[in-house]
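Written below as structure tokens is the structure these notes are about.
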Amino acid sequence: DQQVKQNSPSLSVQEGRISILNCDYTNSMFDYFLWYKKYPAEGPTFLISISSIKDKNEDGRFTVFLNKSAKHLSLHIVPSQPGDSAVYFCAATGNTPLVFGKGTRLSVIA
Amino acid sequence: GAGVSQTPSNKVTEKGKYVELRCDPISGHTALYWYRQSLGQGPEFLIYFQGTGAADDSGLPNDRFFAVRPEGSVSTLKIQRTERGDSAVYLCASRGANTEAFFGQGTRLTVV
């Protein structure tokens, strides 16, 4: 029973365009959501987070949107750069250990 | 070092053997987590320590898996009678009072 779902295993985007990565969750007790980025042979690196009291959080080129009624969040990267190519994991918590999605592999093509 | 350190980075072992995986968290971080990541999957929760005690071990798949954190710092994940299905990357993360979880680079375990 996947509580955090990333339904797109991969995404290809041209350099300079917007990348949109999506994530759905089922557990209504989750109140804090995070995105992690992972390069090969490295551990996941924290990217950006959002609390359930907000619907948007922005940090430079990265923006996370949260739609609580739809139990959906998305990560927008604009403009996308080749160095953004990595696997992106959505994670959620509700005073519990982080629950991760399966990840989306983003490829930014120059 | 300033980050979470995991040793060894790679471990190959024969089926049936015992292995220990070590995690050195960021100094001062009281919370420590072990996750396991199989190919094509996201990290799956195994066990969480708050200080020396296991606050949640509900993710351990069976009694072959055990973890300790005797002094509230370094943690060791122990796997007995390893099976080929245990092959995965084992990730450790630590978290301070008001920080996000920081992950180590992982230990890639291969059981042959």
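As given, the protein sequences belong to chains W and B, one line each in that order.
For what it's worth, our numbering labels the leading residue of the first sequence as 3, then goes sequentially.
For what it's worth, our numbering labels the leading residue of the second sequence as 2, then goes sequentially.
C-beta: ideal position from N, C-alpha, C; glycine also.
Since this is a predicted model, take the numbers as computed values, not measurements.
Around the C-beta of residue i, are 16 or more other C-beta atoms found within 10 angstroms, so that it is buried, or is it exposed?
i, result
"I48 (chain B)", "buried"
"P46 (chain W)", "buried"
"G18 (chain W)", "exposed"
"Y90 (chain W)", "buried"
"P62 (chain B)", "exposed"
"V90 (chain B)", "buried"
So who's on the other strand from residue i, going by DSSP bridges?
i, result
"Q51 (chain B)", "B:A32 and B:G54"
"Y91 (chain B)", "B:R37 and B:T108"
"D25 (chain B)", "B:S6"
"R96 (chain B)", "B:A32"
"E45 (chain B)", "B:R37"
"T106 (chain W)", "W:Y90"
"F67 (chain B)", "B:K79"
"F35 (chain W)", "W:I52 and W:A94"
"L118 (chain W)", "A question about residue 118 (chain W) goes unanswered here, because the residues of chain W that appear run from 3 up to 112."
"V101 (chain W)", "W:A94"
"V20 (chain B)", "B:I80"
"V6 (chain W)", "W:Y27"
Could you give the residue range of the beta strand (DSSP E) that holds residue i?
i, result
"T65 (chain W)", "F64 to N69"
"D61 (chain W)", "K58 to D61"
"S14 (chain W)", "S12 to Q16"
"N24 (chain W)", "S21 to Y27"
"F48 (chain W)", "T47 to S53"
"T12 (chain B)", "Per the sequence presented here, residue 12 (chain B) reads as Lys, with Thr not at that position. That run of the beta strand (DSSP E) goes N11 to T14."
Taking 7 Å as the limit between beta carbons, can you name the residues of its chain near residue i, skipping five residues before and five after?
i, result
"P84 (chain W)", "E17, V110 and A112"
"A56 (chain B)", "Y49 and F50"
"L49 (chain W)", "W37, Y38, K39 and F64"
"A88 (chain W)", "K39, K40, Y41 and L108"
Could you check how far apart the C-beta atoms of residue i and residue j are, in whole angstroms? I think they sit under 8 Å.
i, j, result
"F35 (chain W)", "G43 (chain B)", "Between G43 (chain B) and F35 (chain W) the Cβ distance is about 14 Å, and since that is not below 8 Å, they are no contact."
"V13 (chain B)", "I80 (chain B)", "Their Cβ separation, rounded to whole angstroms, is 13 Å, which puts V13 (chain B) and I80 (chain B) out of contact at 8 Å."
Within the same chain, show all residues whose beta-carbon is closer than 6 Å to that of residue i, passing over the 5 residues directly before and after it, in chain order.
i, result
"R23 (chain B)", "T8 and T77"
"D33 (chain W)", "S54 and G96"
"R82 (chain B)", "G17 and R65"
"P26 (chain B)", "V5, L33 and S95"
Skipping 5 residues on each side, what residues in its chain have a beta carbon closer than 8 Å to that of residue i?
i, result
"P11 (chain W)", "K104, G105, T106 and R107"
"P71 (chain B)", "T53"
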